[in-house]
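At the far end of the sequence shown sits residue 405, using our numbering, and the numbering has no gaps.
First the structure, in the form of structure tokens, and then the observations on it.
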Amino acid sequence: MTEQPSQEQLLEYFADYVSPQKVKMYRMWGVDFIPGRREGVRVWDYDGKRSWIDCRSAGGVFNLGHRPPRVIAALKNALDEIDISDHMLASGYRGLLAKRLAELTPGDLQYTTFGSSGGEAIDFALKLARGHTGKPGVVSAEKGYHGHTGLALAATDEFGDKWGPLAPGFRRVPFGDYNALEAAVTDDVAAVIMETIPATAGFPIPPDDWYPRVRSLCDERGVILILDEVQAGLGRTGRLWAYEEWDILPDIMVCGKGMSAAIYPLSTATYRKPIQSFFDDNAFAHLSSTGGSELGCVTALAMLDQITEPGFSEHVQAMGQRFEDGFAALREKHPDMLKGLNRRGLMIGVVMSREECGMLAMRALAKRGVIAVYAHYNPNILQLMPPLIIQANEVDEVLDAMDGALTEIGETIAARA
Ligand SMILES: Cc1ncc(COP(=O)(O)O)c(C=O)c1O
């Protein structure tokens, strides 16, 4: 009988054959475990001895938690009947999912093109903007993140620096700075792209007039507005789409992560009717062999059924409010540490007083049974994105862990002084 490798051995395999650097970081962050059982908001380690509430949700992949039963049942049924299908041919499932998305989005957002990853759908959105306008320029936000594929990487801040030369035609402005945006949107610009609420920046909430003004500017100058809802969309903010908060309509809306329900990779770019005419002479101008797999469409349809059920958004809002109330109490207890909260629904950025706090909080929380990460571009902000199905007692568990973590961080910082 072959011996089962231990958790430590599996970590060593990962270090030896995938990435030694990552394992070093996992050890530093206190998340050096191999995921074993997983269910709902929780993940257990390989030995089944320790468990964590997942407040990372892989940026929204786990919106419905780990192994959502309804989605799994839908996929199991589908596996008895279908496969990914031929991407060049018509597809009933792709048609059904695109129709559903058109029904669930406001205005004349109607057509959907599918991909497998968020980056792929962002690349497609930028290509479509260029194809439709015949212009090359793209304006994105500083501290924005759109993925690691070609055009997405060029629109992303910082990560691309190591992989140059990047695609030309891209420039960035500070998120929320209208004057800078107005100056950047020159005659050669095809698209303005931004995350509706920038995740990797720690979820800054823009001024109330930001999106209405961005929309008007794009209208005036014939520029395509692409909103990246990969993290903020699909119910995360307590609304189905984050941009609904500002009552505006993007020309192209991109979804990923949660579209998979953590079961089958799928991403989507949904766009307005007039832009679709680009394909009049180019029906096959964009292709993806596995993007829009019918199996993925089945899982996405089951996911959409769940997040559009009566009471789902209200639950997200109520749990978000419970976090907010809990943090208000924690702020009184740890006034030197907690500075504020960037929050919409269950998209929560815990703003702390010092840069080092994010990493310290991550470690201290991991010790206390919660997985969360700090915002890459603003490391004083801890990102909390629990599955949207989190319950009140689990919110309280996270808040208790946060209380203990803040005490520990305070002591660590005092000891260093
Ligand atoms: C806002 C946003 N857009 C796009 C992407 C890219 O998605 P993917 O990793 O599936 O390519 C990500 C991934 O983290 C993201 O957070």
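For each residue, glycine too, the CB sits at the ideal point set by N, CA and C.
(request) With DSSP as the reference, please indicate the residues paired to Arg26 in a beta bridge. (result) As a first step, residue 26 is located in the sequence shown; it is residue number 38 there, counting from the start. According to DSSP, Arg26 bridges with Val31.
(request) With DSSP as the reference, label Met42 as helix, strand or coil. (result) The count along the sequence shown starts at 1 and reaches residue 42 at position 54. Rather than Met, the amino acid found at residue 42 in this sequence is Asp. The three-state reading of DSSP puts Asp42 in strand, counting E and B together.
(message) If you reduce the DSSP assignment to three classes, tell me which class His120 lands in.
(response) Residue 120 sits at position 132 when you count from the first residue of the sequence shown. In the structure shown, His120 sits in a helix (DSSP, three-state: H, G or I).
(message) If you measure between the beta carbons of Ile236 and Asn330, is that distance less than 8 angstroms?
(response) As a working mapping, residue 236 is identified with position 248 in the sequence shown. As a working mapping, residue 330 is identified with position 342 in the sequence shown. No, these two residues do not count as a Cβ contact at 8 angstroms.
(request) Taking Ile60 as part of the alpha helix (DSSP H), name the residues at either end of that continuous run. (result) Counting from 1 along the sequence shown, the entry for residue 60 is found at position 72. Segment Pro57 to Leu67, the alpha helix (DSSP H) holding Ile60.
(request) Jot down the residue ranges of each uninterrupted alpha helix (DSSP H) in the stretch 198 to 237, minimum 4 residues, whole runs only, in chain order. (result) You should have 198 to 209.
(request) Express the C-alpha separation of Leu353 and Ser73 in angstroms, rounding to a whole number. (result) The residue labelled residue 73 in the question sits at position 85 within the sequence shown. The residue labelled residue 353 in the question sits at position 365 within the sequence shown. Each residue's Cα considered, the two are about 43 angstroms apart.
(request) Consider the C-beta atom of Ala117 and the heavy atoms of ligand 1; say whether any pair is separated by less than 7 angstroms. (result) As a first step, residue 117 must be located in the sequence shown, where it is residue number 129. No heavy atom of ligand 1 is found nearer than 7 angstroms to the CB of Ala117.
(request) Measuring alpha carbon to alpha carbon, tell me which of Gly314, Ala250, Ile240 and Ile185 ends up nearest Trp234. (result) Position 246 of the sequence shown holds residue 234. Of Gly314, Ala250, Ile240 and Ile185, the residue nearest in Cα terms is Ile185.
(message) Could you compute how far the alpha carbon of Ser301 sits from the alpha carbon of Ala61?
(response) Position 313 of the sequence shown, counted from the first residue, corresponds to residue 301. Position 73 of the sequence shown, counted from the first residue, corresponds to residue 61. When rounded, the distance between both Cα atoms is 23 angstroms.
(message) Cutting at 7 angstroms between CB atoms, please list the residues of its own chain near Leu63, excluding the five before and the five after it.
(response) For this step, residue 63 is matched to residue 75 along the sequence shown. Same-chain partners within the cutoff: Ile251, Tyr252, Leu283, Val286 and Thr287.
(request) Please classify Ile359: does DSSP put it in a helix, a strand, or coil? (result) Mapped onto the sequence shown, residue 359 falls at position 371. Correct three-state label for Ile359: strand.
(message) Please identify the residue among Gln294, Gly18, Gly125 and Val386 whose C-alpha is closest to the C-alpha of Leu348.
(response) Residue mapping note: residue 348 aligns to position 360 of the sequence shown, counting from 1. For the residues Gln294, Gly18, Gly125 and Val386, the minimum Cα distance to Leu348 belongs to Gly18.
(request) Report yes if the CB atom of Leu370 is closer than 8 angstroms to the CB atom of Tyr362, and no otherwise. (result) Locating residue 370 in the sequence shown gives position 382, where the first residue counts as 1. Locating residue 362 in the sequence shown gives position 374, where the first residue counts as 1. Yes; because the gap between Cβ atoms is below 8 angstroms, this pair is in contact.
(message) Looking at the secondary structure, which residues open and close the alpha helix (DSSP H) in which Val242 lies?
(response) Position 254 of the sequence shown, counted from the start, is the residue given in the question as residue 242. If you look at Val242, you'll find it isn't in any alpha helix (DSSP H); it sits in the beta strand (DSSP E) that goes Ile240 to Cys243.
(message) Can you tell me whether Asp35 sits near ligand 3, meaning its C-beta is under 7 angstroms from at least one heavy atom of the ligand?
(response) Ligands displayed in this structure: ligand 1; ligand 3 is not among them.
(message) Rounded to whole angstroms, what is the Cα-Cα separation between Trp198 and Trp40?
(response) As a working note, residue 198 is residue 210 in the sequence shown. As a working note, residue 40 is residue 52 in the sequence shown. The alpha-carbon atoms of Trp198 and Trp40 are separated by roughly 37 angstroms.
(message) ligand 1 and Glu146: does the residue's C-beta get closer than 7 angstroms to at least one heavy atom of that ligand?
(response) Taking the sequence shown and counting its residues from 1, the one referred to as residue 146 is at position 158. Relative to ligand 1, the beta carbon of Glu146 is positioned no closer than 7 angstroms to any heavy atom.
(message) Taking DSSP's pairing of strands, which residues face Leu97 in a bridge?
(response) For this step, residue 97 is matched to residue 109 along the sequence shown. In the DSSP assignment, the residues bridged to Leu97 are Arg260.
(request) Consult DSSP for Asn270 and reduce its assignment to one of helix, strand or coil. (result) Counted from its first residue, the sequence shown places residue 270 at position 282. Correct three-state label for Asn270: coil.
(message) Applying the 10 Å Cβ sphere with the 16-neighbour rule, what's the burial state of Met13?
(response) Counting from one through the sequence shown, the residue named residue 13 turns up at place 25. With fewer than 16 other Cβ atoms within 10 Å, it is exposed.
(message) Excluding the 5 residues flanking Asp313 on each side, which residues of the same chain have their C-beta closer than 8 angstroms to its C-beta?
(response) By 1-based counting over the sequence shown, the position of residue 313 is 325. Result list for Asp313: empty, nothing under 8 angstroms.
(request) Run the proximity test for Val361: is its beta-carbon closer than 7 angstroms to any non-hydrogen atom belonging to ligand 1? (result) Position 373 of the sequence shown, counted from the start, is the residue given in the question as residue 361. Checking every heavy atom of ligand 1 against the Cβ of Val361, none is found closer than 7 angstroms.
(request) Express the C-alpha separation of Ala86 and Ala271 in angstroms, rounding to a whole number. (result) For the purposes of this step, residue 271 is identified with residue 283 of the sequence shown, where counting begins at 1. For the purposes of this step, residue 86 is identified with residue 98 of the sequence shown, where counting begins at 1. In a straight line, the C-alpha of Ala271 is about 17 angstroms away from that of Ala86.
(request) Specify whether the stretch 16 to 31 and the stretch 52 to 60 touch according to this definition: at least 3 beta carbon pairs, one from each stretch, less than 8 angstroms apart. (result) A contact exists between the stretch 16 to 31 and the stretch 52 to 60.
(message) Can you tell me whether Leu254 is helix, strand or coil according to DSSP?
(response) As a working mapping, residue 254 is identified with position 266 in the sequence shown. DSSP places Leu254 in coil when its eight states are reduced to three.
(message) Quick check: Ile110 and Leu89, are their CB atoms within less than 8 angstroms of each other?
(response) The residue you call residue 110 lines up with position 122 of the sequence shown. The residue you call residue 89 lines up with position 101 of the sequence shown. Cβ distance not < 8 angstroms, so Ile110 and Leu89 don't count as in contact.
(request) With DSSP as the reference, please indicate the residues paired to Asn330 in a beta bridge. (result) As a working mapping, residue 330 is identified with position 342 in the sequence shown. Bridge partners of Asn330: Gly337.
(request) Could you tell me whether the Cβ atoms of Phe21 and Pro375 are closer together than 8 angstroms? (result) Along the sequence shown, one-based indexing puts residue 21 at 33. Along the sequence shown, one-based indexing puts residue 375 at 387. No; because the gap between Cβ atoms is not below 8 angstroms, this pair is not in contact.
(message) Quick check: is any heavy atom of ligand 1 less than 7 angstroms from the C-beta of His134?
(response) Stepping through the sequence shown from its first residue, residue 134 is reached at position 146. For His134, the shortest C-beta to heavy atom distance toward ligand 1 is below 7 angstroms.
(message) Taking the alpha-carbon of Arg203 as reference, which of Gly135, Pro162, Asp269 and Tyr166 has the nearest alpha-carbon?
(response) Start at 1 with the first residue of the sequence shown, and residue 203 comes out as number 215. The candidate whose alpha carbon is nearest that of Arg203 is Tyr166.
(message) Can you tell me whether Ala178 is helix, strand or coil according to DSSP?
(response) Your numbering for residue 178 matches position 190 in the sequence shown. Residue state, collapsed to three classes: strand.
(request) Let me know if Trp229 comes out buried or exposed under the rule of 16 or more other beta-carbons within 10 Å of its beta-carbon. (result) Along the sequence shown, one-based indexing puts residue 229 at 241. Here Trp229 is buried: its Cβ has 16 or more other Cβ atoms, across all protein chains shown, within 10 Å.
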